[in-house]
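A.B. asks:
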Amino acid sequence: MSTYETQDVPAGIARDNDYVSRTGQSEIRVQKDEAPVDDPIDPATADTDEQLARDDKEAIDEDNILSDRTRGAAKKAGAYAEPGDDEGLPGPDDGTSVVRK
1 MSTYETQDVP AGIARDNDYV SRTGQSEIRV QKDEAPVDDP IDPATADTDE QLARDDKEAI
61 DEDNILSDRT RGAAKKAGAY AEPGDDEGLP GPDDGTSVVR K
């Protein structure tokens, strides 16, 4: 194998520093793959029941929970009426043809 072929064969190491900025070459800074990254998550406590309970407590707004299912809405007497059998159908004098029986 040539050095070119061995250079492009994956070895399980995920490092590609070809895009790292060189002095005087680019205005946009690009850091190396090996550079440390600040991680605000503590792996020792991130996946615990206590953390999940805290997350749930922070996410649920108790003021937005309803005690009733319908927010107090109720039918007013006579406000809701069932449609009649002929409601929405054309009348006898609208010019449409009648199907013979």
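For the sequence shown, counting from 1, position 36 maps to 36 in the UniProt record's numbering; every step adds exactly one. Beta carbons: idealized from backbone N, C-alpha and C, even for Gly.
Give the secondary structure of Lys75 by DSSP, where H, G and I count as helix, E and B as strand, and everything else as coil.
C.D. replies: Coil at Lys75, not helix or strand.
A.B. asks: Compute the distance between the beta-carbons of Asp16 and Asp38, then report whether it is under 8 Å.
C.D. replies: The answer is no: Cβ separation not under 8 Å.
A.B. asks: By how many angstroms is the C-alpha of Lys57 removed from the C-alpha of Ala46?
C.D. replies: Between Ala46 and Lys57, the C-alpha separation is close to 16 Å.
A.B. asks: Can you find the residues in the same chain that come closer than 6 Å, C-beta to C-beta, to Thr96, ignoring five residues on each side of it along the sequence?
C.D. replies: Same-chain partners within the cutoff: Pro90.
A.B. asks: Roughly how many whole angstroms lie between the Cα atoms of Asp18 and Thr48?
C.D. replies: Using only the alpha carbons, I get a separation of about 39 Å.
A.B. asks: My output table needs one value for Asp56: the three-state DSSP class, helix, strand or coil.
C.D. replies: The answer is helix: DSSP assigns Asp56 an H, G or I state.
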